[in-house]
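First the structure, in the form of structure tokens, and then the observations on it.
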Amino acid sequence: MDIQTLMSRFGSMIILPMIIFILAFSMGAKPGRAFRAAITVGVAFIGINLVVGLMVKILSGVSNSMVQNTGRLMDIVDVGWPSAAAIAFGSTVGIWVIPIALSVNIILLLTHVTRTLNVDIWNFWHFAFIGSLIVAATGNLAWGLIATAIASAFALFLADWTAKAVQKYFGIPGISIPHLISASVVPIAIAINWIIERVPGLRDLNIDPETIQKRFGIMGDPVVQGMFIGLVLGAIGYCNTGDFLTVLTKVLECGMGLAAVMLLLPRMVKVLMEGLIPVSEAARVFMQKRYNGREFYIGLDSAILIGYPAAFSASLLLIPMVILLSFILPGNHVLVFADLVVMPFIVAMFAPVMKGNVVRIIIAGLITLVIGFYFGNNLADLFTTAAMSTKFEIPDIAAGAVKIISIGDGFMWPPFVFTNLTYAYGWAALLFLAAMVALLFFFYSKNTKAWEKATGVSDED
Amino acid sequence: MVEKAKIVLVACGTAIATSTVVAIGIEEAMQERGVKVITRQCKAMEVPGLSSGVDLIVTTTPVPGNLGKPVIQTLAFLTGVGKDEVLDQIEKILRS
Chain A
323 MDIQTLMSRF GSMIILPMII FILAFSMGAK PGRAFRAAIT VGVAFIGINL
373 VVGLMVKILS GVSNSMVQNT GRLMDIVDVG WPSAAAIAFG STVGIWVIPI
423 ALSVNIILLL THVTRTLNVD IWNFWHFAFI GSLIVAATGN LAWGLIATAI
473 ASAFALFLAD WTAKAVQKYF GIPGISIPHL ISASVVPIAI AINWIIERVP
523 GLRDLNIDPE TIQKRFGIMG DPVVQGMFIG LVLGAIGYCN TGDFLTVLTK
573 VLECGMGLAA VMLLLPRMVK VLMEGLIPVS EAARVFMQKR YNGREFYIGL
623 DSAILIGYPA AFSASLLLIP MVILLSFILP GNHVLVFADL VVMPFIVAMF
673 APVMKGNVVR IIIAGLITLV IGFYFGNNLA DLFTTAAMST KFEIPDIAAG
723 AVKIISIGDG FMWPPFVFTN LTYAYGWAAL LFLAAMVALL FFFYSKNTKA
773 WEKATGVSDE D
Chain B
103 MVEKAKIVLV ACGTAIATST VVAIGIEEAM QERGVKVITR QCKAMEVPGL
153 SSGVDLIVTT TPVPGNLGKP VIQTLAFLTG VGKDEVLDQI EKILRS
């Protein structure tokens, strides 16, 4: 029996814990700690699987009745970034992503191409996500792994490029953000900000973030959002499915079920996170020991930016807008739900570019998401295939009743571009992407000041 | 007499990612130093509602002010830089 067969028989629930143990142990974690971490990762997979199962069951029920009721086909369920992370880490690419991204980082540091030391091992899933979609599309593991390596280099470029602006605006010296959701949308923010600056009237609009947060009150809480969205979707889906009591029961069950998902899904991801800590700590110590004394930025999760008011307030307002968009955008099949919580990550790094202007952040966020819906519709088949091949055993998906996607990163441009290019042109596409990333690094190093100014660093700094 | 465990509220943007790293870092270090702690995780925005009854708030992202509790905002658990100093500070506050 070869390794590939063994891996597909075991599935991520068994394989990933083994890899985590080997990685943690070989990078210097104590065997007991590594072992416990490894089991925790396996447990997290079981937990995420259960919650995603519950969510898909509820939402595919709603989606089915909604088609009959309204004629609106919404058969792609948004299962959220936690599911995407689990699928990415659990895929055949995910098994390799940690050594690949660390090696790319070491090489680029040694050659002085990058200044970022990415210790945010958890967010390596974004790189594996791209690779796993490519494997789902082409069946070619080598292409998936190479794309993963290119994506990790691209994240380092984005981190370097935005570092100065992020450090100044958020007051976090020495930090950069190699996060493939938050950082990859910065160019969009720059373009939109440039346009807004040239529109009289619009360029002067702003809203105070504190006011928004006060107005929203408990609606900013995911559990309350889950309940509320569940009630609305349930009412649309089940309004004519029987007598009053039957309808009421179904609607309330839908609300409570989705509230449960909103609370439980993050908890399950926390377990996965817990399991990865010994590996990420060992990797951080390993990397820092080797670069001691050299000046570099430490690459962290954009979660550290979420508490700053402008982006957070903007994302509160974006949530209802995104739900509305899902119903009015022509040709959209995505029923948005679990990833309404990812909004703060999408807009987090808009703030330095737009000097914390909430109106501009919302406009840029909306444009990013409108385009994102079409990326998501396009990638849903591959996302579903990738989920199936990591042994996400969900009956409604297996039966072909629904497809799945997530806003993070299914609505983001890097997975869309990387996957579709590689599917169409194979090796040539990978060469092209690698060359593009190299060129970006090159032009940035030639004209650093001008590039950094675009991200929100002002002249006097 | 059984020593009562101190409660540390750990906040970050999502209550998932960075706060887990911090919470586990605090639990492990305080256990080594012989301080009994219980950590609770929350989002930065939830801090005002959850801060009553806790002994210390540790956060990776800004939290609303005037809570009447000691607040430590730090990235040391994520970067590893200055982690021991922050742990000393936490220990001092929890022992006082």
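Protein chains in written order, with the working numbering: chain A, 323 to 783; chain B, 103 to 198. Quick reminder that beta carbons are idealized off the backbone N, C-alpha and C, glycines included.
The segment 435-452 of chain A makes contact with the segment 467-481 of chain A, as at least three CB pairs between them are under 8 Å. Under the 10 Å beta carbon count, residue 577 of chain A is surrounded by 16 or more other beta carbons and is classified as buried. Per DSSP, reduced to three states, the secondary structure at residue 621 of chain A is strand.
Judged by beta-carbon spacing, residue 623 of chain A lies beyond the 8 Å limit of residue 178 of chain B, meaning their Cβ atoms are not closer than that value.
If you draw a straight line from the Cα of residue 713 of chain A to the Cα of residue 402 of chain A, it comes to about 17 Å. Residues of the segment 626-646 of chain A with a C-beta less than 9 Å from any C-beta of chain B: 626, 627, 628, 629, 630, 631, 634, listed in chain order.
Taking 8 Å as the cut-off, the beta carbon of residue 453 of chain A is found closer than this to the beta carbon of residue 467 of chain A. Sequence-ordered contacts of the segment 564-589 of chain A with chain B read 588 [C-beta pairs closer than 8 Å]. Excluding residues up to 5 positions away in sequence, 486, 487, 490 lie with their Cβ nearer than 7 Å to the Cβ of residue 779 of chain A in the same chain. Taking CB atoms only, residue 167 of chain B has no neighbour in chain A less than 8 Å away. Burial is judged here by how many other beta carbons sit within 10 angstroms of a residue's own beta carbon; residue 603 of chain A has at least 16 and is buried. The three-state secondary structure of residue 158 of chain B, taken from DSSP, is strand. Residue 666 of chain A belongs to the set of residues whose beta carbon lies under 8 Å from a beta carbon in chain B.
Straight-line spacing of the CA atoms in residue 708 of chain A and residue 463 of chain A works out to 13 Å. The shortest C-alpha to C-alpha distance from residue 729 of chain A to any of A:565, A:663, A:516, A:419 is the one to A:663. The way I'd put it, the segment 155-172 of chain B doesn't touch the segment 544-560 of chain A; fewer than three beta-carbon pairs between them come closer than 8 Å. Counted as a single uninterrupted DSSP element, the stretch harbouring residue 731 of chain A is not any beta strand (DSSP E) but the alpha helix (DSSP H) occupying residues 729-732. The Cβ atoms of residue 499 of chain A and residue 671 of chain A lie closer than 8 Å to each other.
Residue 623 of chain A belongs to the set of residues whose beta carbon lies under 8 Å from a beta carbon in chain B. Comparing alpha carbon positions, the residue from A:415, A:413, A:407, A:424 closest to residue 601 of chain A is A:424. In terms of CA proximity to residue 503 of chain A, A:694 leads the group A:469, A:694, A:718. Assigned with DSSP and collapsed to three states, residue 699 of chain A falls in helix. Residues of chain B with a Cβ closer than 8 Å to the Cβ of residue 610 of chain A are, in chain order, 182.
Straight across, the Cα-Cα distance linking residue 621 of chain A with residue 717 of chain A is about 39 Å.
Residue 137 of chain B sits away from residue 124 of chain B, with the two beta carbons spaced by 8 Å or more.
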